[in-house]
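These notes concern the structure reproduced below.
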Amino acid sequence: MTENIQIHLTKTPTGALTLEHFEQKTAPIPAVNDGQVLIRTVLISIDAAMRAWMRGPTYRPQVMPGEVMPAYVLAEVVESKYDGLAKGDLVLGEGLWSTFSVVEGRRMRKAPPYRPLSHLMSVIGIAGLTAYWGMIDIGKPSEGETVVVSAAAGSVGSIVGQIAKIKGCRAVGIAGGPDKCRWLTEELGYDAAVDYKAGNVAEQLKAACPNGIDIYFDNVGGAILEACLFQMRNRGRIVCCGALSQYDTDAPESPKGLPGLVVVKRLRMEGYVVLDYFNRTPEAAQELLGWMGQGKLRIAEDIVEGLENAPQALMGLFEGTNRGKRMVRAAPDPA
Ligand SMILES: NC(=O)c1ccc[n+]([C@@H]2O[C@H](COP(=O)([O-])OP(=O)(O)OC[C@H]3O[C@@H](n4cnc5c(N)ncnc54)[C@H](OP(=O)(O)O)[C@@H]3O)[C@@H](O)[C@H]2O)c1
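When we follow the working numbering, the leftmost residue of the sequence shown carries the number 1, and every step to the right adds one.
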């Protein structure tokens, strides 16, 4: 395979993403300079935050029109002019929506010798680590507490509820549609599910959490955050993981009740970025894999075949077409 397909962002989106925001081109395979490696992309993590990257600077600079879409990737080194990496090594780090790309060798890390490779994107990738640190270090669940998580059937959320159960909590997931809600309770072990697309989220939450919410793991922000805020118990914790309901719109909404409810209910709202915990990855990975080995943690992966389908894969996150960790396969796993 020598064709180098790349997918560029054509313009800064204002409303919802459409296929018009992307353009596929064929480019020459770039030359490698000292300190760099040429990588062939194998798996691309598809993350809701990529939509936020298009809007302005976040924890990374804004993606500008004309640029090839950046992404967290698992890739194989094809050529190396960096001492720490050799041809054939598997690496993780920021790459591109591109068959081949040249990256600074020092910015990539060798993938641990783990199979299947897709687990490096899911259970011990961004999804699992984000769920783990958000729950363990920020939510700090205690037995008997009620944990509510939004985007519960998604990449991070599908793991959060299961960690809540492992910690002896009542787990309530918020997801769109009866099928996903059934999946949460029947397959992932959630105690109850709230279908936010059926309306009346506050009433549904009240029924699912009769004693209120101790920990709300917020993946979506907006109206769902507001509904949860009003049902938090005193001294509850809100884990601010993301606000994906606000990424794909030009009219973001702020929840009511801030900061008043935080004050009167003595709540703690705390944000975090999983990269902050990078040095503690082995600790989290060991525990997550241990739970999986004991059958306590089920990992859902949603793999879209073909780099050319990356735009639809990303747009689908905002339409709810994924279950579990979405990624795009750009090439087969290396032997
Ligand atoms: N802090 C960090 O370090 C960190 C790291 C990774 C991810 N994140 C954040 O964590 C959150 C979850 O990310 P993820 O990768 O797990 O995403 P994801 O669950 O794969 O995202 C897609 C799911 O979100 C739901 N959704 C889409 N639009 C929604 C809306 N308007 N309201 C409610 N739900 C909606 C959809 O499910 P339904 O069918 O249920 O609607 C969809 O399947 C995001 O906000 C992301 O930015 C943070």
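Beta carbons are placed, not taken as given, at the ideal position from N, Cα and C, and that holds for glycine.
Inset, instruction - Spatial neighbours of Gln231 within its chain, please: CB distance less than 7 Å, with the 5 preceding and 5 following residues excluded, ordered by chain position. - result: The count along the sequence shown starts at 1 and reaches residue 231 at position 231. Excluding positions up to five away in sequence, the list reads Leu205, Lys206, Cys209, Gly212 and Ile213.
Legend entry - Contact set for Thr185: own chain, Cβ-Cβ below 6 Å, skip 5 residues either direction: By one-based count along the sequence shown, residue 185 stands at place 185. Once the five neighbours on either side are set aside, the close Cβ partners of Thr185 are Ala193.
Inset, instruction - Please classify Arg51: is it buried, with 16 or more other beta-carbons within 10 angstroms of its beta-carbon, or exposed? - result: For the purposes of this step, residue 51 is identified with residue 51 of the sequence shown, where counting begins at 1. That one is buried.
Legend entry - First through last residue of the beta strand (DSSP E) which encompasses Lys206: Residue numbering aside, residue 206 sits at position 206 when the sequence shown is read from its first letter. Run containing Lys206: none in the beta strand (DSSP E); it sits in the alpha helix (DSSP H), Val201 to Ala208.
Inset, instruction - Work out the CA separation of Phe217 and Arg170 for me, nearest whole Å. - result: Stepping through the sequence shown from its first residue, residue 170 is reached at position 170. Stepping through the sequence shown from its first residue, residue 217 is reached at position 217. Straight-line Cα distance between these residues: approximately 13 Å.
Legend entry - Ser254: CB within 7 Å of a non-hydrogen atom of ligand 1: On the sequence shown, position 254 is the one that residue 254 refers to. Not under cutoff, so the answer is no.
Legend entry - Those residues which DSSP pairs with Thr146 across a bridge: Stepping through the sequence shown from its first residue, residue 146 is reached at position 146. Paired residue(s): Arg170.
Legend entry - Leu129 beta carbon less than 8 Å from that of Ala284: Stepping through the sequence shown from its first residue, residue 284 is reached at position 284. Stepping through the sequence shown from its first residue, residue 129 is reached at position 129. Their beta carbons are under 8 Å apart, which means Ala284 touches Leu129 by this criterion.
Legend entry - Heavy atom of ligand 1 within 7 Å of Thr130 beta-carbon: Here residue 130 refers to the residue found at position 130 of the sequence shown. For Thr130, the shortest C-beta to heavy atom distance toward ligand 1 is below 7 Å.
Legend entry - Closer than 7 Å: Arg326 CB and nearest ligand 1 heavy atom: Here the question's residue 326 lines up with position 326 in the sequence shown. Flag set: Cβ of Arg326 near ligand 1.
Inset, instruction - Would you kindly check if the distance between the Cβ of Met121 and the Cβ of Leu74 is under 8 Å? - result: Here residue 74 refers to the residue found at position 74 when the sequence shown is read from its first residue. Here residue 121 refers to the residue found at position 121 when the sequence shown is read from its first residue. In contact: Leu74 and Met121 (Cβ atoms closer than 8 Å).
Legend entry - DSSP-derived helix/strand/coil call for Asp214: In the sequence shown, residue 214 corresponds to position 214, counting from 1. The answer is strand: DSSP assigns Asp214 an E or B state.
Legend entry - Collapsed DSSP secondary structure at Thr185 in the structure displayed: In the sequence shown, the residue the question calls residue 185 occupies position 185. Thr185 falls in the helix class under three-state DSSP.
Legend entry - Test item: CB-CB of Ile39 and Val77 under 8 Å: As a first step, residue 39 must be located in the sequence shown, where it is residue number 39. As a first step, residue 77 must be located in the sequence shown, where it is residue number 77. Yes, Cβ-Cβ distance for Ile39 and Val77 is below 8 Å.
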